[in-house]
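The structure under discussion appears below in the form of structure tokens.
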Amino acid sequence: MNQAATTLGLLAGGRATRLGGLDKAWLQRGGVPQVVRLAGRVRGEVDAVLVSANRDHGRYAAHDLVPVADRHPDLGPLGGLDALAAACATPWLLTLPVDLVSVNDCLLRNLRAAGGEGAWAEDDDGRQPLVALWRVEALRAALPAALESGDLAVRTLQARLGMVGVRFAGLRFGNLNTPDDLAAAGCTPG
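Just so you know, we're using UniProt numbering here: the sequence shown kicks off at 1 and counts up by one.
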């Protein structure tokens, strides 16, 4: 297998409590669900696409997306990372939260250029730990201790893995977390 082969892992397993439990994956922007839009945005740069999702698996399959459920529920993003790492068949995993407003054309290329053990993005809003490129072998090895320790902070895991930040000056990935965010991005429930 190509040592640069990469799987896109969309993190869509959250509860969206600030949005009353609305499934962010299926928010519509321009008539296209968020999960489909983000997958399409980088599909040409990756070898496979997985979605960390804990509901509506049939809906993902209908869009040719492969859903994977958390193996350990209620762990937040680390639960999703664990599920994606377990299902990933490539050496690298690019993660994107499904509630991102935008992704630029050079994201994967710039994260990959950081080399080493992987990298996370920093935009004009600061560190974006879930917009990240992970070395799957190292991630799989580190997750059990992180989960057992109870320290579920993605930043702590990234520090343990020796990952680095990559600055994207002049860019905001944005997040769809509140009704105001949805209105500003032109999102509607799907």
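Built from N, CA and C at the ideal position, the CB exists for glycine as well.
(request) Would you kindly report the start and end of the unbroken beta strand (DSSP E) that includes G9? (result) Here residue 9 refers to the residue found at position 9 when the sequence shown is read from its first residue. Element bounds for G9: T6 to L11.
(message) Just to confirm my understanding: we take R71, look at its own chain, exclude 5 residues before and 5 after, and list those with CB closer than 7 Å. What are they?
(response) Residue numbering aside, residue 71 sits at position 71 when the sequence shown is read from its first letter. Excluding sequence neighbours, R71 sits near D82, A83 and A86.
(request) Can you tell me which of G186, E137 and G115 puts its alpha carbon nearest to the alpha carbon of N175? (result) Mapped onto the sequence shown, residue 175 falls at position 175. Closest by alpha carbon: G186.
(message) Assuming contact is defined by CB atoms lying nearer than 7 Å, are Q34 and V98 in contact in what I supplied?
(response) Your numbering for residue 34 matches position 34 in the sequence shown. Your numbering for residue 98 matches position 98 in the sequence shown. Taking 7 Å as the Cβ cut-off, Q34 and V98 qualify as a contacting pair.
(request) Please confirm whether H63 and V42 have their CB atoms less than 7 Å apart. (result) Along the sequence shown, one-based indexing puts residue 63 at 63. Along the sequence shown, one-based indexing puts residue 42 at 42. No, the pair does not count as a contact, with Cβ atoms beyond the cut-off.
(message) My assumption, with CB atoms under 8 Å, is that H57 sits in contact with P73. Please give the rounded CB distance.
(response) To locate residue 57, count along the sequence shown from 1; it is residue 57. To locate residue 73, count along the sequence shown from 1; it is residue 73. Not confirmed; about 15 Å, so no contact.
(message) Distance check for L96 and W26, CA to CA, integer angstroms please.
(response) The count along the sequence shown starts at 1 and reaches residue 26 at position 26. The count along the sequence shown starts at 1 and reaches residue 96 at position 96. Approximately 15 Å between the Cα atoms of the pair.
(message) Restricting to Cα atoms, I'd like to know which of A146, D180 and L133 is closest to L111.
(response) If you number the sequence shown from 1, residue 111 lands on position 111. Of A146, D180 and L133, the residue nearest in Cα terms is L133.
(request) Identify which residue in L94, L143, V103 and R140 has its Cα closest to the Cα of A119. (result) The residue given as residue 119 occupies position 119 in the sequence shown. Closest option to A119, Cα to Cα, is L94.
(message) Considering only the alpha carbon of each residue, which of A121, L100 and G116 lies closest to C106?
(response) Taking the first residue of the sequence shown as 1, we reach residue 106 at position 106. Among A121, L100 and G116, the Cα nearest to that of C106 belongs to A121.
(request) Indicate whether V46 and L78 have their beta-carbon atoms separated by less than 7 Å. (result) The residue you call residue 46 lines up with position 46 of the sequence shown. The residue you call residue 78 lines up with position 78 of the sequence shown. In this structure, L78 does not lie closer than 7 Å to V46 by Cβ.
(message) Assuming E137 is part of the alpha helix (DSSP H), what are its boundary residues?
(response) Walking along the sequence shown from the start, residue 137 turns up at place 137. Run containing E137: V136 to S149, per the alpha helix (DSSP H) assignment.
(message) Looking only at its chain, what residues have a beta carbon closer than 6 Å to the beta carbon of A114, apart from the 5 residues adjacent to it on each side?
(response) Within the sequence shown, numbered from 1, the residue matching residue 114 stands at position 114. Closer than 6 Å at Cβ, skipping near neighbours: V164 and V166.
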